[in-house]
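Under UniProt numbering, think of the first position of the sequence shown as 1, with each following residue one higher.
Positions of the beta carbon are idealized from the N, C-alpha and C atoms, including for glycine.
Here is the structure we will look at.
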Amino acid sequence: MTTAFISPLPQEIDNLWERRTELTPDHKEARDIIVGAIDDIDAGKARVAFVDEATDEVVVDERAKRSILLGFRVLGMEESKVGDFYHHDRIPLKTRFDGVRVVPGAIARWGAYLASGVVLMPSFTNIGAWVGSGTMVDTWATVGSCAQVGKNVHLSGGVGVGGVLEPPQAAPVVIEDDAFLGSRTMVVEGARVRRGAKLGAGTILTSSTRVFDAETGEELPRGEAPAWSVCVTANRVKSFPGGDFGMPVLLVLKRLEEGQEHDKLALNDMLREHGVNA
C-alpha cells in the first residue's frame with residue numbers, strides 16, 4: 001500500500017488480545033470495548049478485509065478479527081427464542097437490516113455487515129462477514145465468518161463461502177464485485193474470486209487449487225478465479241508412486257469482456273457445451 005493501513009477500531013483491542021487468556025464475561029470494561037468494536041463491524045464502520053485498489057492486494061484488519069475472537073471470551077452463553085425454536089449461544093442474531101430483504105428462514109449473526117440492497121433467501125451469514133449491495137445470498141448458501149463478498153454478486157443455492165477465524169493471521173475468502181457462483185460451489189481457505197468471474201455449478205476453489213487456461217494451457221496464480229472469466233472444476237493427471245490420479249484443478253473456459261453483464265441463459269449455454277450447469 002502507498003500508506004500504512006490504520007484500523008478504525010480502538011488500540012485497546014490489541015492490548016486485550018495480549019491478555020486474552022485472562023478474560024471472562026465478568027470483565028465488564030473489556031466486554032464494553034469488544035462489544036463496541038464488533039458493533040462497528042456489524043454497522044460497516046470497520047471490516048475484516050478489503051482489496052487495496054493501489055496494490056490489488058487483500059488487506060486484513062487483524063484488529064477486527066481479534067475483536068471477534070475476543071467476543072467469544074467475554075460474551076456469556078444466553079438462551080433466546082424465535083417462535084418455537086430455542087437457541088443457546090454467545091453471539092446474538094443480527095438486528096440491523098437497513099434496506100436488506102430478509103426472507104423467512106434466513107439467519108445472520110450480529111457482527112456481519114449487510115449493505116442496503118442485499119437479499120437473503122433462507123441462508124446463513126456468519127459473524128465478521130461483509131456483503132455488498134445488490135448481492136443475492138440464495139437458498140441454503142453459507143457466507144462464513146469474516147468472508148468478504150462484493151457488490152452485485154450472486155451466490156446460488158447451496159454455495160459455501162468458507163470462513164476463517166483460526167489461525168488469526170489467515171486471510172479470509174474474498175468474492176469481488178459482479179461475480180457469479182453456481183449451485184453447490186465451494187470457495188474456501190482464503191481463495192479469491194476476482195471481479196466478474198463466473199463459476200459453474202459444483203466448482204471447488206481453495207487457496208492451493210491450481211488454475212489453468214483451457215485455451216493456452218498456461219498455469220495461472222493458484223487459488224484465484226481470474227477476473228471476467230468463466231471457470232469450472234476439472235481434473236489434471238498427476239503421477240504418484242502408486243499410479244496416475246486425477247487431481248482437481250480450476251479450468252478457465254473462457255475470458256469475458258471487462259464489464260460484460262451476466263447473462264444467465266448465455267452462461268448456461270456456454271457451460272452446457274462442456275457438460276456443466278450454472
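Look up residue i in the DSSP assignment and say whether it is helix, strand or coil.
i      : result
Thr55  : coil
Arg222 : coil
Leu155 : strand
Phe5   : coil
Ser183 : coil
Lys65  : helix
Leu205 : strand
Gly200 : coil
Lys45  : coil
Leu75  : coil
Gly190 : coil
So, is residue i buried or exposed, given that buried needs 16 or more other C-beta atoms within 10 angstroms?
i      : result
Val103 : exposed
Gln11  : exposed
Thr2   : Legend: pLDDT at Thr2 = 46, less than 50; position of this residue unreliable, value from coordinates given subsequently. The residue in question, Thr2, is exposed, as its Cβ has fewer than 16 Cβ neighbours within 10 Å.
His87  : exposed
Asp14  : exposed
Ile6   : exposed
Arg19  : exposed
Thr55  : exposed
Val232 : buried
Met136 : buried
On a CA-only basis, which of the options is nearest residue i? Give me that one, please.
i      : options                           : result
Gly183 : Asp138, Gly144 and Thr209         : The sequence given here places Ser at residue 183; Gly does not occur at that position. Checking every option, the nearest Cα to that of Ser183 belongs to Asp138.
Gly83  : Met77, Asn152 and Gly105          : Gly105
Gly259 : Phe212, Gly196, Arg222 and Gly246 : Gly196
Ala37  : Ser239, Ile68 and Trp140          : Ile68
Ala115 : Ala4, Val51, Ala30 and Ala46      : Ala46
Tyr113 : Ala147, Ser123, Lys81 and Val237  : Ala147
Asp39  : Leu93, Ser123, Ala4 and Lys81     : Leu93
Gly223 : Gly200, Leu250 and Glu176         : Leu250
Glu29  : Thr206, Phe50 and Leu75           : Leu75
Gly162 : Thr135, Gly134 and Gly128         : Gly128
Gly180 : Ile107, Asp61, Arg96 and Arg192   : The residue asked about is misnamed: residue 180 is Phe in this sequence, not Gly. The residue with the shortest Cα to Cα distance from Phe180 is Arg192.
Thr185 : Val159, Lys81 and Glu218          : Val159
Thr95  : Phe85, Gly111, Ala64 and Lys81    : Gly111
Ser207 : Leu220, Glu22, Ala214 and Asn152  : Leu220
Tell me the DSSP bridge mates of residue i?
i      : result
Ala234 : Val249
Gln148 : Trp130 and Val174
His87  : Ser80
Val119 : Arg101 and Met136
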